[in-house]
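There are 2 protein chains.
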Amino acid sequence: MTIKLYCFGESGNAYKAALTLQLAEVDWEPVFVDFFNGEARTPAFQELNPMGEVPVMVDGDVTLSQSGVIQDYISSKTGKFGGRSAAERREVLRWLFWDNHKMSSQAGTTRFMMNFLPEDKRSADVIAFLQGRLRAALKVLEAELADKDWLVGDAPTIADFACCGYLYYPEPFGFDRKDYPNIDAWLDRIAALPGWKPPYDLMPGSPADRNT
Amino acid sequence: MTIKLYCFGESGNAYKAALTLQLAEVDWEPVFVDFFNGEARTPAFQELNPMGEVPVMVDGDVTLSQSGVIQDYISSKTGKFGGRSAAERREVLRWLFWDNHKMSSQAGTTRFMMNFLPEDKRSADVIAFLQGRLRAALKVLEAELADKDWLVGDAPTIADFACCGYLYYPEPFGFDRKDYPNIDAWLDRIAALPGWKPPYDLMPGSPADRNT
């Protein structure tokens, strides 16, 4: 049965789930959520996910939200990208939490505020604050990748597909690949995996749609 | 062997791990990290955790950081508080991620900024922004607890012990139990579990130490 992923192109959190489905070669299809016209706040969507968030994955009678949980589910279901031992699996989970806590929250919010929020609602103080926290996270990631190709063990895992979630987007948010050579090379390695696509090619909806 | 938890009283993330160890009746002891005098940034501590964060758990040759991973480890090790089926375990993980992403990041940062950062470094804009996001998270939690005693299934799980992490602290950060009756009653239920203690009783270090 085809797995459905409720998502939209701009969502880096949805991209983590979409990329995991794609690289694990699962039979899946995206279902467009018209976030920018308020669809995530509709009763129909909130029935699917009371948290009102994208992504949501539906696999038969299993409905899941939270990108990290979807990644873990797909990895368990396919036996791919989950680490090769109990220690590696814990390490993968550690990076998923770190990403959710320290990395994507800052990257996602900063990018949203700088690119998708009306200008009169943007706060320079908040953007500076979030970018400072984002730089601290990027520094941790850059140091971690100094002497290894992948975050956990010697093969790609869902930890990589989580931490990279926002880093392929073209919109400015305080991250420039040139400033982080180890991250830059790691993003190239992920992009070389069979089936990889950038966010706006993997999921429906992009800023281009709204500018026409 | 006694499990060591590197922590300090003010850290709500450490409290989640400490509370899980305590309620699971594990043989554990806290090791004080003098965060406010920069101990988390020392080479010795960063060897323990390159991310420079508390909590860190050491159980023999297993060293783990990230509260969610420690909670998951303790729950797996003891068979307690992890949910009673695969579906419940996924639901538990979903709340752990949600807490890390939507709840604790806002609560922890707001509380730190309002109480522990020098006044000249506080930004009213940032505090207002974070409190707005925190209110959205509290609203989700309040609605979720409208018709149930525990977040997952009919028994306490580490999902409860994660989401409550910052909510027992006395310092102001934009959460008043009176405004959220369902959360208030749920916090009382958790506090009634055998062995429960509030953060400053469970872990060493508190603002009182620094005010003398």
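Read top to bottom, the protein sequences are chains A and B. Under the UniProt record's numbering, the first residue of the first sequence carries the number 1, and numbering increases by one thereafter. Under the UniProt record's numbering, the first residue of the second sequence carries the number 1, and numbering increases by one thereafter. A virtual CB, placed ideally from N, CA and C, is assigned to each residue, including glycine. These figures come from a predicted structure and were not determined experimentally.
beta-carbon residue i near the ligand ADP non-hydrogen atom, thresh 6 Å
{"i": "E88(B)", "result": "The ligand ADP is not part of this structure, which contains no ligands at all."}
Neighbour flag for residue i against chain A, beta carbons, 7 Å
{"i": "F8(B)", "result": "no"}
{"i": "L138(B)", "result": "no"}
{"i": "V126(B)", "result": "yes"}
{"i": "M51(B)", "result": "yes"}
{"i": "F116(B)", "result": "no"}
For residue i: DSSP bridge partner residues
{"i": "T63(B)", "result": "V58(B)"}
{"i": "Y168(B)", "result": "BP columns for Y168(B) are empty, so no partner."}
{"i": "C7(A)", "result": "F32(A)"}
C-beta neighbour in chain D for residue i, strict 7 Å
{"i": "S123(A)", "result": "Of the protein chains in the structure, A and B, none is chain D."}
Short CB-CB distance (under 7 Å) between residue i and chain B
{"i": "M57(A)", "result": "no"}
{"i": "V54(A)", "result": "no"}
{"i": "F129(A)", "result": "yes"}
| In the region 33 to 45 of chain A, which residues sit with their C-beta less than 8 Å from some C-beta in chain B, listed in chain order? | Within the region 33 to 45 of chain A, no residue has a Cβ that lies closer than 8 Å to any Cβ of chain B.
| request: Would you mind listing the alpha helix (DSSP H) stretches within the region 69 to 106 of chain A that are 4+ residues and don't spill past its ends, in chain order? | output: Runs of the alpha helix (DSSP H) lying entirely within the region 69 to 106 of chain A, each at least 4 residues long, are 86 to 98 in chain order.
| Meets three-Cβ-pair contact criterion under 8 Å: the region 124 to 139 of chain A and the region 101 to 109 of chain A | yes
| said: Against chain B, which members of the region 91 to 106 of chain A pass a CB distance test of less than 8 Å? | reply: Listed in sequence order: L93, R94, L96, F97, W98, N100, H101, K102, S104 and S105.
| field | Cβ pair count under 8 Å reaching 3, the region 183 to 197 of chain B against the region 8 to 16 of chain B | value | Fewer than three pairs of CB atoms, one per stretch, sit closer than 8 Å, so the region 183 to 197 of chain B makes no contact with the region 8 to 16 of chain B.
| request: Please list the residues of the region 63 to 81 of chain B that have a C-beta atom closer than 7 Å to any C-beta atom in chain A, keeping them in chain order. | output: L64, S65, Q66, G68, V69, D72 and Y73
| field | Members of the region 142 to 154 of chain B that neighbour chain A once the beta carbon cut-off is set at 8 Å | value | A143 and E144
| said: For the pair the region 95 to 103 of chain A and the region 41 to 50 of chain A, tell me if three or more CB-CB distances fall below 8 Å. | reply: no
| field | Continuous beta strand (DSSP E) assignments of at least 3 residues falling wholly in the region 117 to 191 of chain A | value | none
| Quick check: the region 14 to 29 of chain B against the region 195 to 211 of chain A, are there 3 or more CB pairs under 8 Å? | With the cut-off at 8 Å, the region 14 to 29 of chain B and the region 195 to 211 of chain A do not touch.
| Taking one C-beta from the region 153 to 163 of chain A and one from the region 66 to 84 of chain A each time, how about it: are there three or more such pairs within less than 8 Å? | yes
| field | the region 77 to 89 of chain A touching the region 27 to 41 of chain A, judged by at least three CB pairs closer than 8 Å | value | No, because fewer than three Cβ pairs between the region 77 to 89 of chain A and the region 27 to 41 of chain A fall closer than 8 Å, the two stretches do not touch.
| request: Indicate whether the contact test is met: 3 or more Cβ pairs, each with one atom in the region 139 to 146 of chain A and one in the region 169 to 187 of chain A, closer than 8 Å. | output: Enough Cβ pairs lie closer than 8 Å, so yes.
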